[in-house]
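K.L.:
My questions will all concern the structure given below.
2 protein chains.
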Amino acid sequence: MRDALVAAAFRLFLERGYEQTTVDDIVALAGVGRRSFFRYFPSKEDVVFPDHERCLADMTAFLAASGEEHEPVGRVCDAARLVLLMYAENPSFSVQRYRLTKQVPGLRAYELSVVWRYERALADYLRGRFAGRPDGSLRADVIAAAVVAAHNNALRSWLRSDGQGDASATVDHALGYVQSAFGAAGPAPAPAVHPAFPALPALPAFSAPPADERAEDVVVVVSRRGAPLWRVVQEIETALGRDGTS
Amino acid sequence: MRDALVAAAFRLFLERGYEQTTVDDIVALAGVGRRSFFRYFPSKEDVVFPDHERCLADMTAFLAASGEEHEPVGRVCDAARLVLLMYAENPSFSVQRYRLTKQVPGLRAYELSVVWRYERALADYLRGRFAGRPDGSLRADVIAAAVVAAHNNALRSWLRSDGQGDASATVDHALGYVQSAFGAAGPAPAPAVHPAFPALPALPAFSAPPADERAEDVVVVVSRRGAPLWRVVQEIETALGRDGTS
Numbered sequence: 001m002r003d004a005l006v007a008a009a010f011r012l013f014l015e016r017g018y019e020q021t022t023v024d025d026i027v028a029l030a031g032v033g034r035r036s037f038f039r040y041f042p043s044k045e046d047v048v049f050p051d052h053e054r055c056l057a058d059m060t061a062f063l064a065a066s067g068e069e070h071e072p073v074g075r076v077c078d079a080a081r082l083v084l085l086m087y088a089e090n091p092s093f094s095v096q097r098y099r100l101t102k103q104v105p106g107l108r109a110y111e112l113s114v115v116w117r118y119e120r121a122l123a124d125y126l127r128g129r130f131a132g133r134p135d136g137s138l139r140a141d142v143i144a145a146a147v148v149a150a151h152n153n154a155l156r157s158w159l160r161s162d163g164q165g166d167a168s169a170t171v172d173h174a175l176g177y178v179q180s181a182f183g184a185a186g187p188a189p190a191p192a193v194h195p196a197f198p199a200l201p202a203l204p205a206f207s208a209p210p211a212d213e214r215a216e217d218v219v220v221v222v223s224r225r226g227a228p229l230w231r232v233v234q235e236i237e238t239a240l241g242r243d244g245t246s
Numbered sequence: 001m002r003d004a005l006v007a008a009a010f011r012l013f014l015e016r017g018y019e020q021t022t023v024d025d026i027v028a029l030a031g032v033g034r035r036s037f038f039r040y041f042p043s044k045e046d047v048v049f050p051d052h053e054r055c056l057a058d059m060t061a062f063l064a065a066s067g068e069e070h071e072p073v074g075r076v077c078d079a080a081r082l083v084l085l086m087y088a089e090n091p092s093f094s095v096q097r098y099r100l101t102k103q104v105p106g107l108r109a110y111e112l113s114v115v116w117r118y119e120r121a122l123a124d125y126l127r128g129r130f131a132g133r134p135d136g137s138l139r140a141d142v143i144a145a146a147v148v149a150a151h152n153n154a155l156r157s158w159l160r161s162d163g164q165g166d167a168s169a170t171v172d173h174a175l176g177y178v179q180s181a182f183g184a185a186g187p188a189p190a191p192a193v194h195p196a197f198p199a200l201p202a203l204p205a206f207s208a209p210p211a212d213e214r215a216e217d218v219v220v221v222v223s224r225r226g227a228p229l230w231r232v233v234q235e236i237e238t239a240l241g242r243d244g245t246s
């Protein structure tokens, strides 16, 4: 019955427009009563986004099941991929909804609140992982926002192409950009917090891309400006996977 | 009159609660008619955020006045500082509003739409600056989201402290983190798009922190894994500000 309500609603939204369609119209077409509608959907807006609650619950469970062995930035990227899967399960429905959402300001506002909830779920997880570390909440919020923005940039590009092409590859590429900026531990904290940042531990942050990207990938080296040059070069050699003789 | 309406509205919101206050109550206390209210504010929600439209206009004008000489990531950080200035102009009002917004879901939704407009203004500017560059729109969206998240993390921390402390220093520190991740051109684009990424232009991305942070700052070097080692070392020496003999 839930699927029948969504199908009836979208048929009417496309025929008449979203604003011109009432819940009564939807239940009449689906052949059910108003109470059935509101058992599944708190409001007319919710029928436009029928799967976000499930997806948010899945994401929260996925993050809660994480362990210390999961690199945090990679983990939130994987969590964001759950949202993509929901869209990619049904491309034509996703494209229809994208067009509808662009036209109706009330749905844009609803969507912003949904996106904000995803972003908070990612940020809350990262805050837990970064707890006690310098700038933990700052890093968590910034990385969560960057992951969501990258995901949505790729998702919208796929939706604008009418769901053609490989959505996963597009999103992987976008998330790869975020991982290149924040991968592993992210850039070192801004220096004001660490006037006494010690010399050797100042070289910890290598973004280690997945093994299948090694052929053409990039290496990011973060170093304290005062670090000895030989130490920096040694770290680069390690990162490049060569000794100094090449 | 505009200020009197804002003052009357906030007095009533704090005394009775936001939901329990009508526009009629506000105009009665301010001693003006309903039409005067709606001349300044389209809705009751808008009186809670009386300065965002002006601030958005200021930000848009600031970005439009940018030239090629402005490093784009630094420029959007400076644009975000305009929002902070608006909050810091009147700390007690900003703290009151922060508490109110946390309590009223409708105001949270309104605030999300305002934040989204700031983020779009920053992203649109960056898209223009990155036009024609690989992953230009992706980089623009991610950096804009990161700047907004960093700004808001710092702003909320200041608001939670009841507007005590140095808001500018807190925001500068947070924006410094984003600049360390994306400063200058940001990390190199993810490799999938550039299988033939040429060797010498593959080393463009140095984050150059402000001069006053140089004493204890960090250097970020982004290099293609296949780049010749001597070239990487040369770039590091340049970034560290030394020749290879030290």
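Here the protein sequences line up with chains A and B, keeping their order. Each residue of the first sequence is one higher than the one before, starting from 1 at the first, in our numbering. Each residue of the second sequence is one higher than the one before, starting from 1 at the first, in our numbering. Cβ coordinates follow ideal geometry from the N, Cα and C atoms, glycine included.
Compare the C-beta of D46 of chain A against all C-beta atoms of chain B and say whether one is closer than 8 Å.
P.N.:
Position 46 of the first sequence, counting from 1, holds the residue named residue 46 of chain A. D46 of chain A does not count as touching chain B.
K.L.:
Using the C-alpha atoms, what's the distance from L112 of chain B back to T101 of chain B?
P.N.:
In the second sequence, the residue the question calls residue 101 of chain B occupies position 101. In the second sequence, the residue the question calls residue 112 of chain B occupies position 112. Taking the straight line joining both Cα atoms gives about 11 Å.
K.L.:
In whole angstroms, give me the CA-to-CA distance for F37 of chain B and V27 of chain B.
P.N.:
Locating residue 37 of chain B in the second sequence gives position 37, where the first residue counts as 1. Locating residue 27 of chain B in the second sequence gives position 27, where the first residue counts as 1. Going by the C-alpha atoms only, they are around 7 Å apart.
K.L.:
Could you tell me which chain B residues have their CB closer than 8 Å to the CB of F182 of chain A, listed as they occur along the chain?
P.N.:
Counting from 1 along the first sequence, the entry for residue 182 of chain A is found at position 182. Residues of chain B passing the Cβ test: A181.
K.L.:
At least one CB of chain B closer than 8 Å to the CB of A290 of chain A: is that the case?
P.N.:
In this structure chain A extends from 1 to 246, so residue 290 of chain A is not present and cannot be described.
K.L.:
On the DSSP letters alone, give me the boundaries of the alpha helix (DSSP H) that V6 of chain A sits inside.
P.N.:
On the first sequence, position 6 is the one that residue 6 of chain A refers to. Unbroken alpha helix (DSSP H) run through V6 of chain A: 2-16.
K.L.:
Applying a beta-carbon distance threshold of less than 7 Å, which residues of chain B neighbour W247 of chain A?
P.N.:
With chain A running from 1 to 246 in the structure shown, residue 247 of chain A is simply not present.
K.L.:
Should D135 of chain B be labelled buried (16 or more other beta-carbon atoms within 10 Å of its own) or exposed?
P.N.:
Within the second sequence, residue 135 of chain B is the residue found at index 135, counting from 1. D135 of chain B should be labelled buried.
K.L.:
Within 10 angstroms of its Cβ, does R108 of chain A collect 16 or more other Cβ (buried), or is it exposed?
P.N.:
Translated into the one-based positions of the first sequence, residue 108 of chain A becomes position 108. With fewer than 16 Cβ atoms within 10 Å of its Cβ, R108 of chain A is classed as exposed.
K.L.:
Does the count of Cβ pairs from the region 42-61 of chain A and the region 72-87 of chain A closer than 8 Å reach three?
P.N.:
These segments touch.
K.L.:
Under three-state DSSP, which class holds D135 of chain B?
P.N.:
Here residue 135 of chain B refers to the residue found at position 135 of the second sequence. Note: D135 of chain B maps to coil in three-state DSSP.
K.L.:
Within the same chain, show all residues whose beta-carbon is closer than 8 Å to that of C77 of chain A, passing over the 5 residues directly before and after it, in chain order.
P.N.:
Numbered from its first residue, the first sequence carries residue 77 of chain A at position 77. Taken in chain order, the residues that qualify are V147, L175, V178, Q179.
K.L.:
Give a yes or no on whether the C-beta atoms belonging to H173 of chain A and A144 of chain A are separated by under 8 Å.
P.N.:
As a position in the first sequence, residue 173 of chain A is number 173, starting the count at 1. As a position in the first sequence, residue 144 of chain A is number 144, starting the count at 1. Contact: no.
K.L.:
Secondary structure at N153 of chain A, three-state DSSP: helix, strand or coil?
P.N.:
Here residue 153 of chain A refers to the residue found at position 153 of the first sequence. N153 of chain A falls in the helix class under three-state DSSP.
K.L.:
Between L12 of chain A and the rest of its own chain, which residues show a CB-CB distance below 8 Å, the 5 nearest in sequence each way excluded?
P.N.:
Counted from its first residue, the first sequence places residue 12 of chain A at position 12. Correct list, in chain order: T21, D25, I26, L29.
K.L.:
Based on Cα-Cα distance, which residue from A:V32, A:G132, A:A88, A:Y18 lies nearest to L159 of chain A?
P.N.:
Against the first sequence, residue 159 of chain A aligns to sequence position 159. The candidate whose alpha carbon is nearest that of L159 of chain A is A:A88.
K.L.:
Where does P72 of chain B land, buried or exposed, given buried means 16+ other C-beta within 10 angstroms?
P.N.:
The residue given as residue 72 of chain B occupies position 72 in the second sequence. Looking at its Cβ environment, which holds 16 or more other Cβ atoms inside 10 Å, P72 of chain B is buried.
K.L.:
Taking only beta carbons into account, state which residues of the region 83-115 of chain A come closer than 7 Å to chain B, listed in chain order.
P.N.:
Listed by position, the residues of the region 83-115 of chain A near chain B (Cβ gap below 7 Å) are A109, L112, S113.
K.L.:
Just the Cα atoms here: how many angstroms apart are P50 of chain B and Y40 of chain A?
P.N.:
Here residue 50 of chain B refers to the residue found at position 50 of the second sequence. Here residue 40 of chain A refers to the residue found at position 40 of the first sequence. Taking the straight line joining both Cα atoms gives about 38 Å.
K.L.:
With DSSP collapsed to three states, give me the class of D46 of chain B.
P.N.:
Taking the first residue of the second sequence as position 1, residue 46 of chain B is located at position 46. In this structure, D46 of chain B counts as helix in the three-state DSSP scheme.
K.L.:
Which class does F37 of chain A belong to by DSSP, given the choice of helix, strand or coil?
P.N.:
Numbered from 1 along the first sequence, position 37 holds the residue referred to as residue 37 of chain A. If DSSP states are grouped into helix, strand and coil, F37 of chain A belongs with the helices.
K.L.:
Of all the CB atoms in chain A, is at least one closer than 8 Å to the CB of A149 of chain B?
P.N.:
Counting from 1 along the second sequence, the entry for residue 149 of chain B is found at position 149. Chain A contact via Cβ: present.
K.L.:
Grab me the residues of D162 of chain A's own chain with a C-beta within less than 6 Å of its C-beta, minus the 5 sequence neighbours each way, in chain order.
P.N.:
The residue labelled residue 162 of chain A in the question sits at position 162 within the first sequence. Excluding positions up to five away in sequence, the list reads V95.
K.L.:
If contact means a Cβ-Cβ distance below 9 Å, which residues of the region 134-147 of chain B contact chain A?
P.N.:
Residues D135, S137, L138, R139, A140, D141, V142, I143, A144, A145, A146, V147.
K.L.:
Is the CB of A174 of chain A under 8 Å away from at least one CB in chain B?
P.N.:
Sequence index remark: in the first sequence, residue 174 of chain A carries index 174 (1-based). Yes, contact with chain B.
K.L.:
May I ask which residues mark the beginning and end of the alpha helix (DSSP H) holding A167 of chain B?
P.N.:
As a first step, residue 167 of chain B must be located in the second sequence, where it is residue number 167. Per DSSP, A167 of chain B belongs to the alpha helix (DSSP H) from 167-182.
K.L.:
Rounded to whole angstroms, what is the Cα-Cα separation between R2 of chain B and W116 of chain B?
P.N.:
Within the second sequence, numbered from 1, the residue matching residue 2 of chain B stands at position 2. Within the second sequence, numbered from 1, the residue matching residue 116 of chain B stands at position 116. Distance between the alpha carbons of R2 of chain B and W116 of chain B: 25 Å.
K.L.:
Is V104 of chain A closer than 8 Å to Y18 of chain A when the C-beta atoms are compared?
P.N.:
Walking along the first sequence from the start, residue 18 of chain A turns up at place 18. Walking along the first sequence from the start, residue 104 of chain A turns up at place 104. Taking 8 Å as the Cβ cut-off, Y18 of chain A and V104 of chain A qualify as a contacting pair.
K.L.:
Hey, how far is the Cα of R97 of chain B from the Cα of A65 of chain A?
P.N.:
Within the second sequence, residue 97 of chain B is the residue found at index 97, counting from 1. Within the first sequence, residue 65 of chain A is the residue found at index 65, counting from 1. Each residue's Cα considered, the two are about 37 Å apart.
K.L.:
Under 8 Å, Cβ to Cβ, is there at least one residue of chain B near Y18 of chain A?
P.N.:
The count along the first sequence starts at 1 and reaches residue 18 of chain A at position 18. Taking Cβ atoms only, chain B never reaches closer than 8 Å to Y18 of chain A, which makes this a no.
K.L.:
Measuring straight from C-alpha to C-alpha, what distance separates V142 of chain A and E68 of chain A?
P.N.:
Within the first sequence, residue 142 of chain A is the residue found at index 142, counting from 1. Within the first sequence, residue 68 of chain A is the residue found at index 68, counting from 1. Their backbone Cα atoms lie some 21 Å apart in a straight line.
K.L.:
Hey, would you say V47 of chain A sits closer than 8 Å to L5 of chain A, going by beta carbons?
P.N.:
The sequence position of residue 47 of chain A within the first sequence is 47, counting from 1. The sequence position of residue 5 of chain A within the first sequence is 5, counting from 1. Contact flag set, yes.
K.L.:
Going by DSSP, what residue range makes up the alpha helix (DSSP H) through F62 of chain A?
P.N.:
Working through the first sequence from its first residue, we reach residue 62 of chain A at position 62. Per DSSP, F62 of chain A belongs to the alpha helix (DSSP H) from 52-64.
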